Each structure stands twice: as C-alpha cells, then as structure tokens.
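Novice:
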Amino acid sequence: MALSFSYPTGFSFSRSARCRRPPLRIFAASSENQILQSSIDTRKLILEVKGKLEEEHSYLPIGKNGRDDEDMILWFLKDRKFSVEEAVAKLTKAIKWRQDFGVSMLSEDSVKSLYNTGKAYVHDFLDVNGRPVLVVVASKHFPGKQDATENERLCVHLIEKALSKCPPATEEILGIFDLRGFSTDNGDLLFLKFLIDVFYYYYPKRLGQVLFVDAPFVFQPIWQLVRPLLKSYASLVRFCDAATVREEYFTQDTVPAAFKALGNRTDT
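Numbering of the sequence shown is given in full-length UniProt numbering, commencing with residue 1 and proceeding in unit increments.
1. Which same chain residues, not among the five before or five after K260, have their C-beta less than 6 Å away from its C-beta?
2. Given this structure, state the Cα-to-Cα distance separating G51 from H157, to the nearest angstrom.
3. In terms of residue numbering, what span does the alpha helix (DSSP H) encompassing R98 cover?
4. Taking only the alpha-carbon atoms, compute the straight-line gap between L134 and H57 and give it to the nearest angstrom.
5. Where L174 and I46 are concerned, what is the direct C-alpha to C-alpha distance, given to the nearest angstrom?
6. Residues in the same chain with beta-carbon distance under 6 Å from E150, minus the five sequence neighbours each way, listed in chain order, please.
7. Alpha carbon to alpha carbon, how far is I62 from E70?
8. In the DSSP output, which residue or residues are listed as bridge partners for L211?
9. Please return the same chain residues whose Cβ sits closer than 8 Å to the Cβ of L190, not counting the five positions on each side in sequence.
10. Give me the Cα-Cα distance between F212 and E86, rounded to the nearest whole angstrom.
11. Under a three-way DSSP split, which group does V128 fall into?
12. What distance in whole Å lies between the Cβ atoms of Y233 and I176, which are believed to be in contact at a cut-off of 8 Å?
13. In whole angstroms, what is the alpha-carbon distance linking N186 and A138?
14. Between the Cα of D241 and the Cα atoms of I222, A215, L225, R98, which residue gives the shortest distance?
15. Please work out which residues of its chain come closer than 7 Å, Cβ to Cβ, to E152, disregarding the five sequence neighbours upstream and downstream, and give them in chain order.
16. Return helix, strand or coil for V218, following the three-state DSSP convention.
17. Is W97 near the ligand ZN, with its Cβ less than 7 Å from a heavy atom?
18. Please list, in chain order, all residues of the same chain as S183 whose beta carbon is under 7 Å from its beta carbon, the five residues on each side excluded.
19. Which word fits I40, buried or exposed, when buried means at least 16 other C-beta atoms lie within 10 angstroms of its C-beta?
20. Which value, in whole angstroms, describes the spacing of the CA atoms of Q99 and D124?
21. Taking just the CA atoms, how far does Y249 sit from N129?
22. CB-CB under 7 Å to K93, same chain, minus the five flanking residues each way: which ones, in chain order?
23. Thinking L126 and L91 are a contact (beta carbons under 8 Å), I'd like their distance in whole angstroms, please.
24. Determine the closest residue to A243 out of S235, S110, V122, V255, with distance taken between C-alpha atoms.
25. Taking all protein chains shown into account, do 16 or more other C-beta atoms lie within 10 angstroms of the C-beta of R15, making it buried, or fewer, making it exposed?
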C-alpha cells in the first residue's frame, strides 16, 4: 500500500509556490512612492529657489516668466541638474535679460518689417514628435542690409511664439535652417553667436534638435567657426537634405510647403 500524507488545508508545498514572485501591486506601490517622494523633493527645491529670488533679488518682476513663476523655476532647475544656487544665478540673469530686452512687449506688429520678408517663421503644424517648428530661410538673411537689433527682436519673438505652441508635457522645439541658396552675403557670425547665447542662457533645454538642410560648400567655413561655440548643443545639429525633412519629420499633410516634393508643392 502506498503511503500518503495530507498537508493542512490551504497549505501548498509546490515549487512554483515557493518561488512565486511578490504581487505586482507591491512593485507598483513602490514606484508610486518613489514618484511621490520625487515630486515632494522637487517642490521643496522650487520653493527654495523662489524664496532665494525673493530674498536676494526682490527687484526682479513677478508674474509669468518672473521670479515667482514656478514653471520657469522648474525649467531652470532641470537645466542646472537641480542645483539651487546655479538655478538662482541663471534665473536671475534670464529674468533681468527678459526685462531689459522687452520680451513681453514683442509682437508680430513690432517686428513686421523683417517678419514680412519671410526669412523666418513658426510653422503652422507640429513635427511628428509633437514639437513646434521654427524655420529660418538663410538666403533671405542679409546682415549688411538688415538692422541687427531688429533681427534679434524677430528671433526672440519667434522663439516665444514657437514655445507658446508647445502641447502639454512638450518642452522642446525643432529648429530648421533652410540653407538652400545660401551665399557668403548671408553669413552672419554675430547673429549666430546671439542665437546660441539666447538658447543657452535664456531658453535652456528648449531646443530639441536643429536641422541644417542642404548646406552648400560655402557654409562649411562658417560651421567650423560656429561649432566650438555650440559646445554641448553641437550634438543637436543634424545635416540633412529636404527629402529627409519631408519624410522623417512630417506627414504629407503637415510638411512645410518649401519642403514638399516638387510634384506636390503648393507655395504660399
């Protein structure tokens, strides 16, 4: 007769039971706790930066893009890897620049003389990654004939306009430099230096990628001079052709008219 043994009711001695993984809800709860703690820590840092700005730089304006704008504070904290002191220093400079430059006063009307040239514009549609698109047509930029200050004002106005089109949870824009037809008359190192400084100091982490489209040979010397100035931003640059812009960054319905295939192009 075979011997048998009964375990107590509800007891299982199977290998699968001994090796059973903890319920997924334990991991989910742990993850949720980490996210909650991270949010609490981030909130504390935001309030710390806000307090320092109020205490040490009370002369700075308040309101949107001011010293008490918590969204802006978080944006600069991320850029400075959550260093409070570095974020305060960079924010102080950025808020003061916005005030001195008159960013809040810029409008399409205030820059219409250059805006109407079509040298730069914010595209009506987002790219396939959900980013607003700022297009610069280099062949229409003439530093010898166009006022440098007006060029800078147009640049900042369009950056602001592009950022205002960011969908929720999107923080970056796509920059497209259309270099078709570019000549030495269009070269402008001073403006490129201004553009680099603007994104580094005042709009950090807002530029997701830059496309240099169909760059001619005469652009190469300028690129050699500009590349060291870009530092870490150099990794954002991609040289490509118009077909790449059309096929990889937009759909047939959203591609800018200037980059549509010749058979489908409808100039505006």
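For every residue, glycine included, the Cβ atom is placed at its ideal position computed from N, Cα and C.
Remember, predicted model here, so these are calculated numbers, not experimental data.
Specialist: In this structure, then:
1. none
2. 30 Å
3. 84-101
4. 33 Å
5. 28 Å
6. L114
7. 11 Å
8. I176, R238
9. P143, A148
10. 32 Å
11. coil
12. Not quite, the Cβ-Cβ distance comes to about 15 Å (not below 8 Å), so this is no contact.
13. 6 Å
14. A215
15. F194
16. helix
17. Ligands in the displayed structure: none, and consequently the ligand ZN is not present.
18. V218
19. exposed
20. 28 Å
21. 8 Å
22. Y201
23. Actually they do not touch by this definition, with Cβ atoms about 28 Å apart.
24. V255
25. Residue placement at R15 is flagged as unreliable, the pLDDT there being 45, under the threshold of 50; the coordinate-derived value follows with that caveat. With fewer than 16 other Cβ atoms within 10 Å, it is exposed.
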